[in-house]
Structures are given as C-alpha cells and as structure tokens.
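Enquirer: Dumping the structure here so I can ask a few things about it.
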Amino acid sequence: SNPLPLVVNTWPFKNATEAAWWTLVSGGSALDAVEKGCAVCEKEQCGGTVGFGGSPDEVGETTLDAMIMDGTAMDVGAVGGLRRIKNAIGVARKVLEHTTHTLLVGDSATKFAVSMGFTSEDLSTNTSRALHSDWLSRSCQPNYWRNVIPDPSKYCGPYKPPDFLEQNNPAHKEVDIHSHD
Amino acid sequence: TIGMVVIHKTGHTAAGTSTNGLKFKIPGRVGDSPIPGAGAYADDMAGAAAATGDGDILLRFLPSYQAVEYMRGGDDPARACQKVISRIQKYYPKFFGAVICANVTGSYGAACNRLPTFAQFSFMVYNSLHNQAIEEKVDCI
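Protein chains in written order, with the numbering used here: chain A, 1 to 181; chain B, 1001 to 1141.
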C-alpha cells in the first residue's frame, strides 16, 4: 500500500515527528509540516543542539541556523548566525515567503526578523553560560583554531598568525625619507 | 541539528533544518544547516534529504543535494545516503555525520559514518503504514 504521506527526521526527536505528521493530517502543506516539526525542537531544545541555550560560541553567545525548502517550487528561505531570535525556522519561512533572497545572516537577519514581528531576546541560559565558563576553565579546549599563536591546543586566545608579530614589528617598517620633521 | 524531510500524500516535497551549531565555535561560524543542498534539499522530481553532524565538513560536499541527485539517478534512498557518506569518507574518514533520504514514492533510508563512538544512527519515521512515530536505527558504514 502507498506509505505516503511520510515524515522522516534526524535523531530520535519524536515530538517533532508527531508535530509534522499532525500538521499534514490537519490539512497543512509539506512546508507547514517541516516548519512546525522543526519549531517544536527549537522550543524543546532537542538534544541541546537545536534552539536557544545550547552550543555557545567562544564568547558565550548562542546563534541559530535554519533553512526550509519547497521542493515543488524549488524555493528556499534560510538564516545563518541568527542572533537573539528563538524561532529560526519561522524566520527562514518568512525569508522564503516575503523576499526573493535565499539566505540572510547575522545581525541583519535579526533586524529582518524583528521587522517580520519576531521578538528579540537573549538566547543564553544558565546551561549555556555554565558550558561556556567550564570551557574557559579548561583553557578553551576543544577549539577550532590551527596554525596560530599561542598554541591553541594549550591556551585560550586571542590568537594571531605565527608571522603576525614579525609583520608588525616597527623595527622592520620601511623608512619614508620624505616623511620627516 | 534536526533535519526533516516531508513527502505530502500528493507527492509534494519539503525539507528543513534547525540548529544552534557547534559548541565553542568561532563567532560568525555558520555550518551546513542553512545552506540549500548541504543541510537539506528537496525536489518533487526525485525526493528529499537532510544531513546532520560536523557541518564544517558536510558543507564541503553538499550531501543533501548529492543524495537527491543519486535518487534522481535511480538509487533507492538508503543506497543514495550510503553513497554520499562514502564520498565524504574518502577525504575525511573520521568525520561525524549522518544523512536521511526519502523518495517521492515514500521509500526512505539513512546512512552514517562509523566511528568508535558512533556505530548506529537513530532517526524518526511516521507514515500511513504506522499509527505512531517510529524510531529506527541504521548501522553506520
């Protein structure tokens, strides 16, 4: 028998699967189902890897990435590095519906979201703050730096390219003989 | 990351992702999730796919687009997912990643890169053959 409709999602995030399914059963489109399903995970902070309060960056901030794609119209909306807005998939849907762009990123994506009626709020929680301070207390390990100084496998930053000091050593600056008192 | 693919009973497809990314990332870093063809991809002519894992690596291979193209070429969803993982394995044998795939007839599959600490990948399925969401596992390759 025909197994359609079908919802498949990564990880055992069951509430998201059910939210998508019931959206379909109640007459929603495939796009509606993806949006509702992913939004459940954003609210529930699935696995700590979705939504606010998880995966702080090096300065302790949580930022969100999301996309939504309509396979009929080959239409896409996406946000990257979204700050201070919890419902990233909702903003991605607005990018799809109200712009001809595909991807909006960073602070400007936040401004777009606010103009679309989303609330700007702090995405940090005690959990993400604790993760961050614990990371700092472990000399910022692990991190994603390489070929920099100080040794990123031992120390926190700020980091510089190894030849940075050499380039910026005033003693090595060319003297401009026309620039003098 | 939650990656999700939906095939409507009319055959219309949609896909999406949402994530807060890697822990302790360098500020400004964006992974695969919001990039069409990387985090997710959907095309009514073939099917839909979504990826999860180390986005810095996944992003370089456009795994979701590639999986949909394999399905367009006739591979079943599980095989399409496996071929994508194999491609990435050649360059990054220790990458952390998994892909889910579904075609427009409602078949689905998944694949993942086997690591000492990641031998099976769990994903959720809900279709008209079940009356509830079912957790399925796939052995990583």
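Every residue, glycine too, gets a C-beta built ideally from N, C-alpha and C. Keep in mind the model is a prediction, meaning the values are calculated, not measured.
1) Between B:F1123 and the rest of its own chain, which residues show a CB-CB distance below 7 Å, the 5 nearest in sequence each way excluded?
2) Out of A:Q141, A:D107, A:L131, A:C156, state which residue places its alpha-carbon closest to the alpha-carbon of A:T49.
3) State yes or no: is the beta carbon of B:Y1065 nearer than 8 Å to at least one beta carbon in chain A?
4) Round the Cβ separation of B:I1007 and B:G1073 to the nearest angstrom and send it over; I've been treating them as touching at under 8 Å.
5) What residue range does the beta strand (DSSP E) around A:S26 cover?
6) Use the C-beta contact count for A:D176: other C-beta atoms within 10 angstroms, 16 or more gives buried, fewer gives exposed.
7) So, at 7 Å on beta carbons, what are the nonlocal neighbours of B:Y1041 in its own chain, with the 5 sequence-adjacent residues on each side left out?
8) Among the residues of its own chain, which have a CB less than 6 Å from the CB of A:W21, if the five just before and after it don't count?
9) Cβ closer than 7 Å: which chain B residues qualify as neighbours of A:G54?
10) Starting from the C-beta of A:K94, find all residues in its chain whose C-beta is less than 6 Å away, skip the five residues before and the five after it, and write them out in chain order.
11) Do A:G51 and A:M67 have their C-beta atoms within less than 8 Å of each other?
12) Where A:P170 and B:I1026 are concerned, what is the direct C-alpha to C-alpha distance, given to the nearest angstrom?
13) What are the boundary residues of the alpha helix (DSSP H) that A:V114 is part of?
14) Using 8 Å as the cut-off, can you tell me whether the segment 31 to 50 of chain A makes contact with the segment 151 to 161 of chain A, which would need three or more C-beta pairs spanning the two stretches below that distance?
15) If you follow the alpha helix (DSSP H) that A:K36 is part of, which residue opens it and which one closes it?
16) With DSSP run on the structure shown, which of helix, strand or coil describes B:P1036?
17) Grouping DSSP H, G and I as helix and E and B as strand, with all else coil, what is A:L103?
18) Between the alpha carbons of A:P161 and A:S29, how many angstroms are there, rounded?
19) Determine the direct distance from the alpha carbon of A:G53 to that of A:T127, and round the result to whole angstroms.
20) Check B:M1004 in the structure and name its three-state DSSP category.
21) Can you check the segment 1029 to 1111 of chain B for any beta strand (DSSP E) of at least 3 residues that lies completely inside it and give the ranges in chain order?
22) Please return the same chain residues whose Cβ sits closer than 8 Å to the Cβ of A:S120, not counting the five positions on each side in sequence.
23) List the residues of chain B whose Cβ lies closer than 9 Å to the Cβ of A:D57, in chain order.
24) Helix, strand or coil for A:I68, going by three-state DSSP, please let me know.
25) Along chain B, which residues have their Cβ under 7 Å away from the Cβ of A:M69?
26) Given this structure, state the Cα-to-Cα distance separating B:C1112 from A:E166, to the nearest angstrom.
27) What residues in its chain sit with their C-beta under 6 Å from that of A:A88, if we drop five residues either side in the sequence?
28) Taking any Cβ of chain A, which residues in the segment 1080 to 1105 of chain B have a Cβ under 7 Å from it, in chain order?
29) Is B:R1072 close to the ligand GTP? I mean its beta-carbon at under 7 Å from any heavy atom of the ligand.
30) Give the secondary structure of A:T125 by DSSP, where H, G and I count as helix, E and B as strand, and everything else as coil.
31) Could you check if B:M1004 is buried or exposed, using at least 16 other CB atoms within 10 Å of its CB as the buried criterion?
32) Compile a chain-ordered list of the residues in the segment 1119 to 1139 of chain B whose CB is closer than 7 Å to at least one CB of chain A.
Expert: Per the coordinate set shown:
1) I1100, A1110, E1136
2) A:L131
3) no
4) Contact doesn't hold; Cβ gap of about 18 Å is too wide.
5) No beta strand (DSSP E) holds A:S26; DSSP gives it neither H nor E.
6) exposed
7) A1015, A1048, A1049, S1064, Y1065, V1068
8) V7
9) N1020
10) M116
11) no
12) 30 Å
13) 106 to 115
14) no
15) 30 to 44
16) strand
17) strand
18) 50 Å
19) 6 Å
20) strand
21) 1040 to 1043, 1047 to 1053, 1097 to 1103
22) R84, I85, T110, A113, V114
23) G1021, L1022, K1023, F1024, K1025, I1026, P1027, G1028, R1029
24) strand
25) A1014, A1015, G1016, P1036, A1040, Y1041, A1042
26) 45 Å
27) L64, A66, V79, L82
28) A1098, I1100, A1102
29) For the structure depicted, the ligand GTP is absent and the ligand set is empty, with no information on it obtainable.
30) coil
31) buried
32) S1122, F1123, M1124, V1125, Y1126, N1127, S1128, L1129, A1133, E1135
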